[in-house]
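Participant: Mapping of the sequence shown onto UniProt numbering: position 369 corresponds to residue 369, and the numbering continues sequentially without gaps. Below you'll find the structure I mean.
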Amino acid sequence: MSTSNGSLAAHSESRDGGIAVDLFPFLRVYNDGRVREFVRHKKMGASSDERSRNGVVTKDVVVDGETGVSVRLFLPIDAAQAAAEDGRRLPLVVYIHGGGFCTGSASAEMFHNYADSLAAHAVAVVVSVDYRLAPEHPIPAAYDDARAALRWAAASSGGLSDDAWVGSYADRTCMFLAGESSGANIVHNVALRAGTARNAGDIDIEGMILLQPYFWGTERLPFEKPCAWRTKPKLLPERVDNLCPYVTAGAAGNDDPRINPPAKDIALLPCRRALVAVATEDVLRDRGRRHHELLRDGAGWGDRAQLVVSRRKDHCFHLLPEYSSDDETKELMDHVTKFIAEGKTTPPISMPMEVEGVGRKTTARTVPSRGGARCCAAQIAPTVPRRSGFGVRPLSNKVQKYHLPAAALGRSVLKSYF
Numbered sequence: 001m002s003t004s005n006g007s008l009a010a011h012s013e014s015r016d017g018g019i020a021v022d023l024f025p026f027l028r029v030y031n032d033g034r035v036r037e038f039v040r041h042k043k044m045g046a047s048s049d050e051r052s053r054n055g056v057v058t059k060d061v062v063v064d065g066e067t068g069v070s071v072r073l074f075l076p077i078d079a080a081q082a083a084a085e086d087g088r089r090l091p092l093v094v095y096i097h098g099g100g101f102c103t104g105s106a107s108a109e110m111f112h113n114y115a116d117s118l119a120a121h122a123v124a125v126v127v128s129v130d131y132r133l134a135p136e137h138p139i140p141a142a143y144d145d146a147r148a149a150l151r152w153a154a155a156s157s158g159g160l161s162d163d164a165w166v167g168s169y170a171d172r173t174c175m176f177l178a179g180e181s182s183g184a185n186i187v188h189n190v191a192l193r194a195g196t197a198r199n200a201g202d203i204d205i206e207g208m209i210l211l212q213p214y215f216w217g218t219e220r221l222p223f224e225k226p227c228a229w230r231t232k233p234k235l236l237p238e239r240v241d242n243l244c245p246y247v248t249a250g251a252a253g254n255d256d257p258r259i260n261p262p263a264k265d266i267a268l269l270p271c272r273r274a275l276v277a278v279a280t281e282d283v284l285r286d287r288g289r290r291h292h293e294l295l296r297d298g299a300g301w302g303d304r305a306q307l308v309v310s311r312r313k314d315h316c317f318h319l320l321p322e323y324s325s326d327d328e329t330k331e332l333m334d335h336v337t338k339f340i341a342e343g344k345t346t347p348p349i350s351m352p353m354e355v356e357g358v359g360r361k362t363t364a365r366t367v368p369s370r371g372g373a374r375c376c377a378a379q380i381a382p383t384v385p386r387r388s389g390f391g392v393r394p395l396s397n398k399v400q401k402y403h404l405p406a407a408a409l410g411r412s413v414l415k416s417y418f
């Protein structure tokens with residue numbers, strides 16, 4: 001991802017006669033009607049035949065023919081096949097990218113690479129949602145699309161999601177929703193709708209992961225005031241004020257419950273657990289802390305609601321190449337990986353599995369039910385390399401206790417995020 005130089009932006013402002021809507025660093029709308037996008041994402045292709053450097057294969061699947069909404073699947077193939085041979089499945093993570101509701105995609109390099117790393121590091125099947133963007137498709141389009149993707153991923157075999165990868169390798173009883181920034185806001189709202197919908201009984205969400213979530217309001221919290229800043233944050237409050245009215249086409253303001261969720265809504269979230277991550281230099285940090293407090297105390301979740309604090313870092317730092325080897329980036333990935341691995345799951349029944357594009361046919365063995373069993377990710381060696389990089393810890397001696405073949409360990413390697 002790249003952004004335009006500030007001096008060039010200033011020149012454009014004077015040339016165009018001023019800014020009508022300022023959403024920098026995402027985009028600006030000028031008084032003459034022009035829209036200038038500052039974020040440029042390189043597109044990454046999917047490949048079910050060629051593994052990534054992390055040992056992950058990918059493919060795109062349309063989940064809603066009417067809207068054209070699709071998902072990109074990320075499968076750590078060696079770990080998945082090793083688990084299948086042991087009669088087990090991998091956690092299922094529905095990942096929703098950020099970008100202020102108006103930029104980004106599942107194929108954008110930044111979000112593609114993060115989903116790839118997440119699949120490899122957490123040993124999980126990742127479903128990355130390619131939702132429609134504002135302003136062409138105002139909110140609630142993104143919520144609707146993510147909800148459709150969740151229903152597709154959660155549907156039992158023979159239903160909406162008769163996909164070979166999800167059907168053969170993913171454990172739908174160990175499902176997570178994850179996202180950063182506006183993607184985390186979508187996670188919250190999709191989870192809330194899953195908890196209140198009449199026909200949501202087939203959707204079982206083990207946990208939600210909110211990384212530097214976008215929530216807002218009309219009343220300034222302490223860190224949203226300049227007097228509290230150590231350095232100028234990436235997102236300025238006056239610009240964040242503009243986001244909700246813009247992406248909802250003027251239909252909602254910053255106290256809309258989807259943007260500023262009340263305690264009564266948070267209490268209705270259906271997940272068993274939650275992880276909320278904030279960064280100390282992020283202007284949104286107090287909103288994330290508030291959300292965590294309302295889960296922990298107001299909704300009575302207690303220790304089932306975790307808070308992760310990244311020190312001296314700004315919004316979505318973990319996605320940026322300059323922080324790919326930073327200790328805080330590694331710590332954040334470690335927390336996310338551990339959170340996913342602690343999910344409970346039930347071993348699947350024996351079933352034949354013929355999976356396209358991954359090279360072989362396997363049959364899972366029947367495994368007796370084990371009360372309180374954990375996600376397969378907790379029993380398979382994390383795909384962590386011996387060299388440093390994005391979200392990576394050195395391979396420890398504890399890897400010897402896991403039940404993953406040595407050949408799989410050699411091929412499923414997590415390299416630098418970028």
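Every residue gets a Cβ at the ideal spot worked out from N, C-alpha and C, and that includes glycine.
1. Check Val190 in the structure and name its three-state DSSP category.
2. Would you list, in sequence order, the uninterrupted beta strand (DSSP E) runs of no fewer than 3 residues that lie entirely inside the segment 24–51?
3. Which stretch, first to last residue, makes up the alpha helix (DSSP H) that contains Tyr95?
4. Could you work out which residue in Ala299, Gly302, Gly104, Ala142 is closest to Thr248 when comparing CA atoms only?
5. In whole angstroms, what separates the C-alpha of Gly253 from that of Ala83?
6. Relative to the alpha-carbon of Asp32, which residue among Val39, Gly18, Gly298, Pro135 has its alpha-carbon at the smallest distance?
7. Can you tell me the Cα-Cα spacing of Lys59 and Glu293, whole angstroms?
8. Please state whether DSSP places Ile209 in a helix, a strand or coil.
9. How would you label Trp216, buried or exposed, when you count the other beta carbons within 10 angstroms and need 16 or more for buried?
10. Can you round the beta-carbon distance between His295 and Ala305 to whole angstroms, since I take them to be within the 8 Å contact cut?
11. Quick check: the Cα distance between His112 and His97, rounded to an integer number of angstroms?
12. One question on the structure: do Val56 and Ser48 come within less than 8 Å of each other, judged by their Cβ atoms?
13. Do Arg285 and Val276 have their CB atoms nearer than 8 Å?
14. Apart from the five residues just before and just after Ala20, which ones in its own chain have a Cβ nearer than 7 Å to its Cβ?
15. Rounded to whole angstroms, what's the CA-CA distance from Trp152 to Thr67? Just pull it up for me.
16. Buried or exposed, going by whether 16 or more other CB atoms sit within 10 Å of the CB of Leu211?
17. Round the Cβ separation of His335 and Ser181 to the nearest angstrom and send it over; I've been treating them as touching at under 8 Å.
18. When the Cβ atoms of the segment 112–128 are set against those of the segment 70–77, are three or more pairs found closer than 8 Å?
19. Using the three-state DSSP reduction, which class does Gly167 fall into: helix, strand or coil?
20. Indicate the three-state DSSP secondary structure (helix, strand or coil) for Thr58 in the structure shown.
21. Excluding the five sequence neighbours on either side, which residues of its own chain have a C-beta within less than 7 Å of the C-beta of Pro405, listed in chain order?
22. So, is Phe223 buried or exposed, given that buried needs 16 or more other C-beta atoms within 10 angstroms?
23. Could you pull the start and end residues of the beta strand (DSSP E) that residue 423 belongs to?
24. Could you tell me the distance, in whole angstroms, from the CA atom of Asp130 to the CA atom of Gly302?
25. In angstroms with no decimal places, state the Cα-to-Cα distance between Phe339 and Ile186.
26. In three-state DSSP terms, what is Ala197?
27. Is it true that the CB of Ala178 sits closer than 8 Å to the CB of Ile209?
Facilitator: On the basis of the data shown:
1. Taking the sequence shown and counting its residues from 1, one reaches residue 190 at position 190. Per DSSP, reduced to three states, the secondary structure at Val190 is helical.
2. Qualifying beta strand (DSSP E) stretches, in chain order: 27–30, 35–37.
3. For the purposes of this step, residue 95 is identified with residue 95 of the sequence shown, where counting begins at 1. It is not in any alpha helix (DSSP H) - Tyr95 instead sits in the beta strand (DSSP E) that spans 90–96.
4. Walking along the sequence shown from the start, residue 248 turns up at place 248. Minimum Cα distance to Thr248 is reached at Ala142.
5. Reading the sequence shown from its first residue, position 253 is the one you call residue 253. Reading the sequence shown from its first residue, position 83 is the one you call residue 83. In a straight line, the C-alpha of Gly253 is about 47 Å away from that of Ala83.
6. Your numbering for residue 32 matches position 32 in the sequence shown. Answer by Cα proximity: Gly18.
7. The residue given as residue 59 occupies position 59 in the sequence shown. The residue given as residue 293 occupies position 293 in the sequence shown. In this structure, the straight-line span from the alpha carbon of Lys59 to that of Glu293 is close to 38 Å.
8. Here residue 209 is taken as the residue at index 209 of the sequence shown, counted from 1. In the three-state reduction of the DSSP assignment, Ile209 falls in the strand class, which pools E and B.
9. By 1-based counting over the sequence shown, the position of residue 216 is 216. For Trp216, the number of other beta carbons within 10 angstroms of its own is at least 16, and it is reported as buried.
10. Translated into positions along the sequence shown, residue 295 becomes position 295. Translated into positions along the sequence shown, residue 305 becomes position 305. Sequence check: residue 295 is Leu here, not His. The beta-carbon separation of Leu295 and Ala305, rounded to 4 Å, stays under the 8 Å limit for a contact.
11. Counting from 1 along the sequence shown, the entry for residue 112 is found at position 112. Counting from 1 along the sequence shown, the entry for residue 97 is found at position 97. When the Cα atoms are used, His112 and His97 turn out to be separated by approximately 9 Å.
12. Position 56 of the sequence shown holds residue 56. Position 48 of the sequence shown holds residue 48. The Cβ atoms of Val56 and Ser48 lie no closer than 8 Å to each other.
13. Start at 1 with the first residue of the sequence shown, and residue 285 comes out as number 285. Start at 1 with the first residue of the sequence shown, and residue 276 comes out as number 276. Inclusion of Arg285 and Val276 in the CB contact set at 8 Å is not warranted, their separation being larger than that value.
14. Numbered from 1 along the sequence shown, position 20 holds the residue referred to as residue 20. In the same chain as Ala20, and ignoring 5 residues on each side of it, the C-beta atoms closer than 7 Å to its own belong to Val29, Tyr30, Asn31, in chain order.
15. Numbered from 1 along the sequence shown, position 152 holds the residue referred to as residue 152. Numbered from 1 along the sequence shown, position 67 holds the residue referred to as residue 67. So the alpha carbons of these two residues sit roughly 14 Å apart.
16. Position 211 of the sequence shown, counted from the start, is the residue given in the question as residue 211. Around the C-beta of Leu211, 16 or more other C-beta atoms lie within 10 Å, and the residue is accordingly described as buried.
17. Along the sequence shown, read from residue 1 onward, the residue named residue 335 stands at position 335. Along the sequence shown, read from residue 1 onward, the residue named residue 181 stands at position 181. A Cβ-Cβ separation of about 17 Å leaves His335 out of contact with Ser181 under the 8 Å criterion.
18. Counting C-beta pairs closer than 8 Å gives three or more between the segment 112–128 and the segment 70–77, which meets the contact rule.
19. Taking the first residue of the sequence shown as position 1, residue 167 is located at position 167. Gly167: helix per DSSP, three-state reduction.
20. What you label residue 58 is simply residue 58 of the sequence shown in a count that begins at 1. Thr58: strand per DSSP, three-state reduction.
21. Position 405 of the sequence shown, counted from the first residue, corresponds to residue 405. For Pro405, the predicted model reports a pLDDT of 32, less than 50, meaning its position is unreliable and no value from the coordinates is stated.
22. Indexing the sequence shown from 1 puts residue 223 at position 223. Phe223 should be labelled buried.
23. The chain is shown only over 1 to 418; residue 423 falls outside these bounds and no answer can be derived.
24. Taking the first residue of the sequence shown as 1, we reach residue 130 at position 130. Taking the first residue of the sequence shown as 1, we reach residue 302 at position 302. One C-alpha to the other measures close to 33 Å.
25. Position 339 of the sequence shown holds residue 339. Position 186 of the sequence shown holds residue 186. One alpha carbon belongs to Phe339, the other to Ile186, and they sit about 20 Å apart.
26. Taking the first residue of the sequence shown as 1, we reach residue 197 at position 197. If DSSP states are grouped into helix, strand and coil, Ala197 belongs with coil.
27. Reading the sequence shown from its first residue, position 209 is the one you call residue 209. Reading the sequence shown from its first residue, position 178 is the one you call residue 178. Taking 8 Å as the Cβ cut-off, Ile209 and Ala178 qualify as a contacting pair.
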